[in-house]
Amino acid sequence: MTRILLLDDEANILNALKRLLREEDWQVDAFTDAEHAVEALQVHDYSVIVSDYKMPVMDGVTFLQFARQRQPEAIRLVLSAHGDRQSMINAINRAEIYRFLSKPWEDYEIQAAICSAVDLHEVKIENQRLLAQVRHQNDLLRQREEELLRLEQDNPGITRVRRDEDGSIVIDESF
Numbered sequence: 157m158t159r160i161l162l163l164d165d166e167a168n169i170l171n172a173l174k175r176l177l178r179e180e181d182w183q184v185d186a187f188t189d190a191e192h193a194v195e196a197l198q199v200h201d202y203s204v205i206v207s208d209y210k211m212p213v214m215d216g217v218t219f220l221q222f223a224r225q226r227q228p229e230a231i232r233l234v235l236s237a238h239g240d241r242q243s244m245i246n247a248i249n250r251a252e253i254y255r256f257l258s259k260p261w262e263d264y265e266i267q268a269a270i271c272s273a274v275d276l277h278e279v280k281i282e283n284q285r286l287l288a289q290v291r292h293q294n295d296l297l298r299q300r301e302e303e304l305l306r307l308e309q310d311n312p313g314i315t316r317v318r319r320d321e322d323g324s325i326v327i328d329e330s331f
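Sequence positions in the sequence shown follow the working numbering and run 157 to 331.
Dropping the structure here:
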């Protein structure tokens with residue numbers, strides 16, 4: 157199941173975001189306290205993490221840096237009323253932010269950004285699964301090649317197959 161983490165020090169912002177996302181079949185965990193959100197990162201795997209930029213105790217970039225270390229595959233977004241250029245560059249460079257979203261927002265923009273982030277997360281996970289599958293298949297091929305080489309060394313000619321014009325295998329003791 158897709159799990160989303162929302163962090164903002166304003167409960168009304170979290171309620172509005174949860175309302176926007178309730179149509180989706182996602183588990184949405186919302187926190188007004190960064191320390192509770194950090195605890196949740198240690199318990200649950202999240203597909204998308206959305207954090208406010210300016211909060212008391214811990215700013216959003218610091219939280220998202222921790223989130224990146226704890227869950228590098230999660231897609232991270234910043235939500236902020238303070239959208240100056242240096243803040244965006246800082247967030248992108250320090251916490252590898254996928255999107256920087258502005259407050260106030262248009263509902264469709266937030267929905268589209270989070271849906272896009274969920275899709276990106278699913279693609280990343282599928283790519284990792286496929287890469288693991290390819291590596292496993294390569295290991296099997298390497299093992300089979302090694303076995304063929306061993307068989308050829310023990311029994312020279314055993315791995316060679318002769319065929320006649322119609323493709324039939326020719327069995328011949330003259331090897």
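Glycine included, every Cβ here is placed at the ideal spot set by N, Cα and C.
Remember, it's a predicted structure, so these values are computed and weren't measured experimentally.
Bridge partner(s) assigned by DSSP for residue i
i, result
"V187", "The sequence shown places Phe at residue 187, rather than the Val named in the question. According to DSSP, F187 bridges with L163."
"V326", "R318"
The alpha helix (DSSP H) enclosing residue i, as first and last residue numbers
i, result
"R316", "Counting along the chain, R316 falls outside any alpha helix (DSSP H), and DSSP gives it neither H nor E."
"V213", "First-last for V213: undefined, no H or E at that position."
Where the beta strand (DSSP E) containing residue i begins and where it ends
i, result
"R255", "255–258"
"D208", "204–208"
"I266", "Looking at the DSSP string, I266 is not in any beta strand (DSSP E); the run it does join, the alpha helix (DSSP H), is 263–310."
"R347", "This structure cannot settle anything about residue 347, because the visible part of the chain is limited to 157 through 331."
Residue burial classification, residue i (beta-carbon count within 10 angstroms, cutoff 16)
i, result
"R175", "exposed"
"G216", "buried"
"L296", "exposed"
"V317", "exposed"
"I160", "buried"
"A251", "buried"
"V184", "buried"
"L177", "buried"
"A273", "buried"
Rounded straight-line distance, which links the Cα of residue j to that of residue i
i, j, result
"W182", "D310", "58 Å"
"A190", "M214", "7 Å"
"L209", "Y254", "Note that residue 209 corresponds to Tyr in the displayed sequence, not to Leu. Whole-angstrom Cα-Cα distance: 14 Å."
"I281", "Y202", "12 Å"
"R319", "I325", "4 Å"
"T158", "G313", "55 Å"
"L162", "Q225", "17 Å"
"E303", "Q293", "15 Å"
"N168", "Q267", "17 Å"
"L276", "I231", "8 Å"
"E321", "T315", "20 Å"
"A172", "L235", "13 Å"
"M193", "E301", "According to the sequence as given, residue 193 is Ala; it is not Met. Those two C-alpha atoms are separated by around 50 Å."
"R298", "R285", "20 Å"
"M211", "H238", "12 Å"
Spatially closest choice to residue i from the options, by CA coordinates
i, options, result
"A247", "A230, Q267, I231, L220", "L220"
"A269", "P228, D164, G323, I205", "I205"
"Q198", "Q227, M211, P212", "Q227"
"D164", "L257, R178, N283", "L257"
"L170", "R241, F187, I245", "F187"
"E179", "S207, C271, F222, E278", "C271"
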